[in-house]
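Residue 223 in the working numbering sits at position 222 of the sequence shown; the count goes up by one each step and never skips.
All C-beta atoms in this analysis are idealised placements derived from N, C-alpha and C, irrespective of residue type, glycine included.
Quick caveat, the model's predicted, so the values are computed rather than measured.
Beneath this line is the structure, given in structure tokens, with notes to follow.
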Amino acid sequence: MIVDGMPVYDSLVGRWFSALEQRFDPVVDAAVRANFRALPQGYARTMESVLREHYYRPQDGFLDSVNGRQDLAEHVDGRLRESRELIMPWLTSFTALSGRRVIEIGSGSGSSTAALAEQGALITGIDLSEGASRCARTRLDLLGLSAELRLANAATDLAALAAAPADLIIFYASLEHMTHAERLGGLSSAWQALAAGGWLVVVEAPNRLWHTDLHSSHLPFFDWLPHELALAYASHSPRPEYASALGPDAGERMQTLLRLGRGVSFHEFDLALGAVDVLRSSSLAEHRSQRNALRRMRQRWSRDGRYSRLLQRRCGRPLPSGFFAPYLNLALQKP
Numbered sequence: 002m003i004v005d006g007m008p009v010y011d012s013l014v015g016r017w018f019s020a021l022e023q024r025f026d027p028v029v030d031a032a033v034r035a036n037f038r039a040l041p042q043g044y045a046r047t048m049e050s051v052l053r054e055h056y057y058r059p060q061d062g063f064l065d066s067v068n069g070r071q072d073l074a075e076h077v078d079g080r081l082r083e084s085r086e087l088i089m090p091w092l093t094s095f096t097a098l099s100g101r102r103v104i105e106i107g108s109g110s111g112s113s114t115a116a117l118a119e120q121g122a123l124i125t126g127i128d129l130s131e132g133a134s135r136c137a138r139t140r141l142d143l144l145g146l147s148a149e150l151r152l153a154n155a156a157t158d159l160a161a162l163a164a165a166p167a168d169l170i171i172f173y174a175s176l177e178h179m180t181h182a183e184r185l186g187g188l189s190s191a192w193q194a195l196a197a198g199g200w201l202v203v204v205e206a207p208n209r210l211w212h213t214d215l216h217s218s219h220l221p222f223f224d225w226l227p228h229e230l231a232l233a234y235a236s237h238s239p240r241p242e243y244a245s246a247l248g249p250d251a252g253e254r255m256q257t258l259l260r261l262g263r264g265v266s267f268h269e270f271d272l273a274l275g276a277v278d279v280l281r282s283s284s285l286a287e288h289r290s291q292r293n294a295l296r297r298m299r300q301r302w303s304r305d306g307r308y309s310r311l312l313q314r315r316c317g318r319p320l321p322s323g324f325f326a327p328y329l330n331l332a333l334q335k336p
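Pasting the structure below:
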């Protein structure tokens with residue numbers, strides 16, 4: 002389980018402290034909560050049905066596993082709740098959403114798309130999966146929300162889709178699933194498509210500098226490995242569904258490894274945008290710690306908090322602190 006990109010402690014004391022920390026999280030701003038749509042009767046049943054039909058591959062047996070059932074529950078309503086209660090308050094802390102032109106790269110099954118549309122964003126959701134887009138359309142219709150959904154590749158199609166400069170472009174749990182060339186192309190195209198003063202936002206991208214791959218393999222130092230070595234070592238993953246997803250076909254295994262998710266770091270941003278240390282920035286971790294003294298204490302004294310500061314010191318540049326969290330939940334403003 003990940004809370005704000007930080008692993009929940011495994012010890013009894015750690016679990017107690019984490020629960021106490023979450024108890025003292027401030028409530029969602031009234032202005033943001035006022036826009037939440039009530040889930041209609043039958044919402045969960047309808048979303049589960051459409052997700053099973055269009056989003057998952059029933060032949061791989063994933064939904065029969067504990068992780069599979071948990072993932073399904075997250076896509077039914079868990080991710081919508083997280084987007085509403087964590088991501089929207091953060092975004093609205095540094096920019097307005099109502100009436101703003103937003104491009105979401107990786108709209109997936111529509112949880113974050115719906116959360117953005119609730120706040121009045123004029124949103125275009127981009128995804129490569131037709132099945133996921135069908136789920137997103139169903140979710141939006143159930144909630145009475147509107148958004149344009151497009152089947153496209155951010156690395157190659159974004160310039161054509163951005164007919165007018167965007168106020169926000171959000172890579173939502175998507176950058177980690179792109180190849181190296183796609184990441185650089187997508188980030189560069191997004192930066193060009195932003196209006197002056199607009200924000201480039203990355204949400205839930207696992208940090209390749211972190212000591213453990215919390216996203217895919219759950220192996221220590223896995224994202225540090227070159228792709229070839231990572232592929233050879235993937236069978237050591239404690240997640241049986243991860244190793245089995247790579248499949249036996251030698252020609253497809255490398256592509257599958259990349260699509261399942263590999264870490265992202267500041268290096269891609271430096272290459273695609275130029276030096277990022279001069280840009281105004283915001284991070285989800287900073288936003289939440291500013292509002293919760295216990296969270297600030299944990300980030301200062303916990304093992305992971307110390308590790309994050311070590312990374313920042315060793316970098317030798319005043320980069321935004323969001324680049325040194327377990328997950329990149331980071332926003333950069335275009336001058």
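**OP:** Look up Leu302 in the DSSP assignment and give the residues it is bridged to.
**Re:** Along the sequence shown, read from residue 1 onward, the residue named residue 302 stands at position 301. Per the sequence shown, the amino acid found at residue 302 is Trp instead of Leu. Paired residues: none, contrary to the question.
Original post:
Who does Gly79 pair with in a DSSP beta bridge?
Top reply: Your numbering for residue 79 matches position 78 in the sequence shown. Gly79 pairs with nothing; no bridge assigned.
Subject >> Supposed close pair Thr114, Val33 - CB separation, criterion 8 Å >> reply: The sequence position of residue 114 within the sequence shown is 113, counting from 1. The sequence position of residue 33 within the sequence shown is 32, counting from 1. About 16 Å separates the two Cβ atoms, so there is no contact after all.
Original post:
How about the stretch 75 to 93 and the stretch 111 to 130: do they share at least three Cβ pairs that are nearer than 8 Å?
Top reply: yes
Subject >> Continuous beta strand (DSSP E) stretch holding Gln334: start and end >> reply: As a position in the sequence shown, residue 334 is number 333, starting the count at 1. Looking at the DSSP string, the run of the beta strand (DSSP E) that includes Gln334 is 328 to 334.
Subject >> Whole-angstrom distance between Ala74 and Ser290, CA atom to CA atom >> reply: Along the sequence shown, one-based indexing puts residue 290 at 289. Along the sequence shown, one-based indexing puts residue 74 at 73. Approximately 28 Å between the Cα atoms of the pair.
Original post:
Taking Cβ to Cβ, would you say Ser266 is nearer than 8 Å to Arg240?
Top reply: Walking along the sequence shown from the start, residue 266 turns up at place 265. Walking along the sequence shown from the start, residue 240 turns up at place 239. The Cβ atoms of Ser266 and Arg240 do not sit closer than 8 Å to each other.
Original post:
What did DSSP end up calling Phe172 once you bin it into helix, strand or coil?
Top reply: Residue numbering aside, residue 172 sits at position 171 when the sequence shown is read from its first letter. It is a strand residue.
Subject >> Inter-residue CB distance, Leu152 and Glu131 (contact presumed, cutoff 8 Å) >> reply: The count along the sequence shown starts at 1 and reaches residue 152 at position 151. The count along the sequence shown starts at 1 and reaches residue 131 at position 130. So it is a contact: roughly 6 Å between Cβ atoms.
**OP:** For Ala97, count neighbouring C-beta atoms within 10 Å of its own C-beta (all shown protein chains included) and say buried if the count is 16 or more, exposed if not.
**Re:** By 1-based counting over the sequence shown, the position of residue 97 is 96. Classification for Ala97: exposed.
Subject >> Assumed close pair Glu49, Val77 - CB separation to whole angstroms, cut-off 8 Å >> reply: Sequence index remark: in the sequence shown, residue 49 carries index 48 (1-based). Sequence index remark: in the sequence shown, residue 77 carries index 76 (1-based). About 5 Å separates the two Cβ atoms, so the contact holds.
**OP:** Return the bridge partner residues of Thr125 from the DSSP annotation.
**Re:** One-based indexing of the sequence shown puts residue 125 at position 124. Bridge partners of Thr125: Ile104, Glu149.
Original post:
So, using beta-carbon positions, are Val204 and Ala174 closer together than 8 Å?
Top reply: Taking the sequence shown and counting its residues from 1, one reaches residue 204 at position 203. Taking the sequence shown and counting its residues from 1, one reaches residue 174 at position 173. Their beta carbons are under 8 Å apart, which means Val204 touches Ala174 by this criterion.
Subject >> Where Arg101 falls, given that 16 or more other Cβ within 10 Å makes a residue buried >> reply: The count along the sequence shown starts at 1 and reaches residue 101 at position 100. Classification for Arg101: buried.
**OP:** Return the residue from the list Arg318, Gln313, Ile124 that minimises the CA-CA distance to Ala326.
**Re:** Residue 326 sits at position 325 when you count from the first residue of the sequence shown. Among Arg318, Gln313, Ile124, the Cα nearest to that of Ala326 is on Gln313.
Original post:
On the three-state DSSP scale, how would you describe Met7?
Top reply: Mapped onto the sequence shown, residue 7 falls at position 6. Low confidence applies to Met7: its pLDDT is 42, below 50, so where it sits in the model is not reliable, and the reading given next is rough at best. In this structure, Met7 counts as strand in the three-state DSSP scheme.
**OP:** Report buried or exposed for Asn68, applying the criterion of at least 16 other Cβ atoms within 10 angstroms of its Cβ.
**Re:** Looking up residue 68 in the sequence shown gives position 67. Under this definition Asn68 is an exposed residue.
Subject >> Where Ala137 falls: helix, strand or coil (DSSP) >> reply: Your numbering for residue 137 matches position 136 in the sequence shown. The answer is helix: DSSP assigns Ala137 an H, G or I state.
Subject >> Helix, strand or coil at Pro221 [DSSP, three-state] >> reply: Here residue 221 corresponds to residue number 220 of the sequence shown, with the count starting at 1. Strand, per DSSP.
Subject >> Helix, strand or coil at Pro207 according to DSSP, with G and I counted as helix >> reply: On the sequence shown, position 206 is the one that residue 207 refers to. Residue state, collapsed to three classes: strand.
Original post:
Between which two residues does the beta strand (DSSP E) carrying Ser283 extend?
Top reply: Locating residue 283 in the sequence shown gives position 282, where the first residue counts as 1. Per DSSP, the unbroken beta strand (DSSP E) holding Ser283 starts and ends at 282 to 284.
Subject >> Supposed contact pair Leu146 and Arg38 - C-beta distance, whole angstroms, cut 8 Å >> reply: Residue 38 sits at position 37 when you count from the first residue of the sequence shown. Residue 146 sits at position 145 when you count from the first residue of the sequence shown. Right, the Cβ-Cβ distance comes to about 7 Å (below 8 Å), so this counts as a contact.
Original post:
Between the Cα of Val29 and the Cα atoms of Trp211, Glu86, Asn36, Leu226, which residue gives the shortest distance?
Top reply: By 1-based counting over the sequence shown, the position of residue 29 is 28. Measuring from the Cα of Val29, the nearest candidate turns out to be Glu86.
**OP:** Give the secondary structure of Val265 by DSSP, where H, G and I count as helix, E and B as strand, and everything else as coil.
**Re:** Stepping through the sequence shown from its first residue, residue 265 is reached at position 264. Looking at Val265 - three-state DSSP - the assignment turns out to be strand.
Original post:
What span of residues does the alpha helix (DSSP H) with Thr93 cover, start to end?
Top reply: Position 92 of the sequence shown, counted from the first residue, corresponds to residue 93. Taken as a continuous stretch (DSSP letters only), the alpha helix (DSSP H) holding Thr93 covers 89 to 93.
Original post:
Helix or strand or just coil, what does DSSP make of Met2?
Top reply: On the sequence shown, position 1 is the one that residue 2 refers to. For Met2, the predicted structure reports a pLDDT of 37, less than 50, and the residue's modelled location is therefore unreliable. A value from the coordinates is still provided. Coil.
Subject >> Classification of Asp128 by the beta-carbon crowding that lies within 10 angstroms, buried from 16 upward >> reply: Here the question's residue 128 lines up with position 127 in the sequence shown. Looking at its Cβ environment, which holds 16 or more other Cβ atoms inside 10 Å, Asp128 is buried.
Original post:
Between Gly186 and the rest of its own chain, which residues show a CB-CB distance below 6 Å, the 5 nearest in sequence each way excluded?
Top reply: Position 185 of the sequence shown holds residue 186. Taking C-beta separations shorter than 6 Å and ignoring five residues to either side along the sequence, the partners of Gly186 in its chain run Ala156, following chain order.
Original post:
Excluding the five sequence neighbours on either side, which residues of its own chain have a C-beta within less than 7 Å of the C-beta of Ser238, listed in chain order?
Top reply: Here residue 238 is taken as the residue at index 237 of the sequence shown, counted from 1. Take Ser238, set aside five residues on each side of it, and the residues of its chain with a beta-carbon closer than 7 Å to its own are Ser218, His219, Leu220, Ala244, in chain order.
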